[in-house]
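Taking mature numbering (1 follows the signal peptide of the UniProt record, and there is no 0), I'd label the letters of the sequence shown as residues -17 to -1, 1 to 316. Built from N, CA and C at the ideal position, the CB exists for glycine as well. Being a predicted model, the structure only gives us computed values, none of them experimental.
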Amino acid sequence: MIFFVLAFIGCVQLASAHASIWHPSMWGFNVTNPDSAFNYDNRPVAPLQAYTFEKWWFHGHLGFPPHPQDFLELPAGQTVTTEVACDKGATSYFASSPGGNIQQGDNPCPGSPISEFHTTGLSDVKGCSLAIAYKSNVSEVQPEDFAVFSVNQTCVWNRFTDFQVPAAMPACPPGGCICAWFWIHSEDSGGEQNYMNGFQCNITGAQSNVAIAKPQLPRRCGADPKNNKPQASPGNCTYGAKQPFYWFQLEQNNMFEGQYAPPFYNDLYNFKDGAQNDIFENSYPNGLPTPSPNNTRTHTFFSDLLHRRDVVLCLSIFLRDILQRILLTLTIK
């Protein structure tokens, strides 16, 4: 029975390497695998899939905060260069990596094929984002507080990943802001995996005091030929400040697309490449455009269940946590 359970869990581990942003301002910057605090792989690069809120929110790393003085500075109107990699050893922060220095220039996953960061090529990357919450106490931050302020549509192709910061970003409160990096990869390259890593951040050189508007749910509106929508439906887009995607978890999702139609940080959801310059309270003085009824229809979780392969995969990811707990109990006994 134990061997069956192990094999079952193993079949849902669709890739052996993943990716994360890396910076000392992160929660969980020094979490490794194995780690005595977790009975599963919870490194920053580990994917978040079918987790409870406590496990996926801030990657379950709230008990592993950065040093109080460590912040990622975000210069208003300029570009911040971050490092995204499959291993901390591939970044300039290799000194605290168990495997040491494995840097290889701009390669995010040295020594590994591109499938290790879930893509079949540059045309198959789907983008990642930075979001911000104007609160200093991380325990007060809720999912709906985050507003996406910058997108890099070619993420995670390069280790050195640039994010443009809107010029109108207001200053953070005393004590700084809370930010997070978000990524969902192509449906062609792996399972239904989310990535979230939170970090302390601060806006520098702020010239505006206009707040970011309350972020709304993104709506699928771009051209989507894979789902028989060759033309974009711009009237269905969400304009202005938008929340990140919280998808395919056990709790507190805000996106409900199915396995073969994941949400992406690109034009499909009106996330333009670069700074999101329309996220402020004064961005639309005449009010936000009203979405039209010509919705870009997508597969849903339940429609995907009509496919036998989806049945197996969807059931397996939801049962994974239960099976892991059973294994832990059997091991203890």
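Which same chain residues, not among the five before or five after residue i, have their C-beta less than 6 angstroms away from its C-beta?
i	result
Phe254	Val134, Tyr248
Pro156	Ser119
Ser3	Pro27, Val28, Asn180
Thr144	Thr65, Val67, Asn135, Cys138
Gln176	Pro30, Gln32
Thr74	Trp5, Glu66, Ala68
Asp250	Gly205
Ser80	Lys71, Gly72
How many Å lie between residue i and residue j at the Cα?
i	j	result
Pro49	Pro213	45 angstroms
Pro39	Ala150	Residue identity check: residue 39 is Trp in the sequence provided, not Pro. The straight-line gap from Cα to Cα measures roughly 31 angstroms.
Ser266	Gly72	41 angstroms
Ser216	Leu200	16 angstroms
His1	Cys69	5 angstroms
Gly43	Ala20	10 angstroms
Gln87	Tyr76	13 angstroms
Leu57	Pro51	17 angstroms
Ala116	Val124	7 angstroms
Leu288	Tyr178	Confidence is the limiting factor: at Leu288 the pLDDT is only 44, short of 50, which leaves the residue's position unreliable, though a coordinate-based value still follows. Between Leu288 and Tyr178, the C-alpha separation is close to 24 angstroms.
Met152	Gln242	35 angstroms
Tyr34	Glu234	7 angstroms
Arg202	Arg142	29 angstroms
Cys220	Val193	23 angstroms
Leaving out the 5 sequence neighbours to the left and right, which residues in its chain are closer than 8 angstroms to residue i when beta-carbon positions are compared?
i	result
Ser122	Leu45
Phe47	Trp10, Gly11, Phe12, Asn13, Val14, Ala20
Asn16	Asp24, Asn25, Arg26, Ala29
Ile262	Ala130, Val131, Phe132, Pro149, Ile195, Ala196, Pro198, Gly223, Ala224, Lys225
How close, in whole Å, do the beta carbons of residue i and residue j come, if the pair is a contact with beta carbons under 8 angstroms?
i	j	result
Gln226	Phe129	6 angstroms
Ala224	Ile195	5 angstroms
Phe41	Trp10	5 angstroms
Glu127	Pro198	7 angstroms
Between the options, which lies nearest to residue i when the distance is taken from Cα to Cα?
i	options	result
Trp230	Tyr243, Pro17, Gln32, Phe21	Gln32
Asp171	Ala59, Asp107, Gly158, Val14	Asp107
Thr62	Gln87, Gly188, Tyr117, Ser95	Gly188
His168	Lys197, Pro246, Phe239	Pro246
Cys162	Leu113, Pro272, Phe239	Leu113
Asp256	Ala59, Gln147, Arg142	Gln147
Reducing DSSP to helix, strand and coil, say where residue i ends up.
i	result
Ala116	strand
Asp287	In this predicted model, Asp287 has a pLDDT of only 44, less than 50, meaning its place in the structure is not dependable enough to derive any value.
Asn253	coil
Phe129	coil
Val148	coil
Got a sec? Which residues, its chain only, sit under 7 angstroms from residue i by beta carbon, not counting five neighbours each side?
i	result
Phe54	Ser8, Gly159, Gln183, Cys184, Asn185
Would you verify that the beta carbon of residue i is, or is not, closer than 8 angstroms to some beta carbon of chain B?
i	result
Leu251	Reference to chain B is not applicable here, since this structure consists of a single protein chain.
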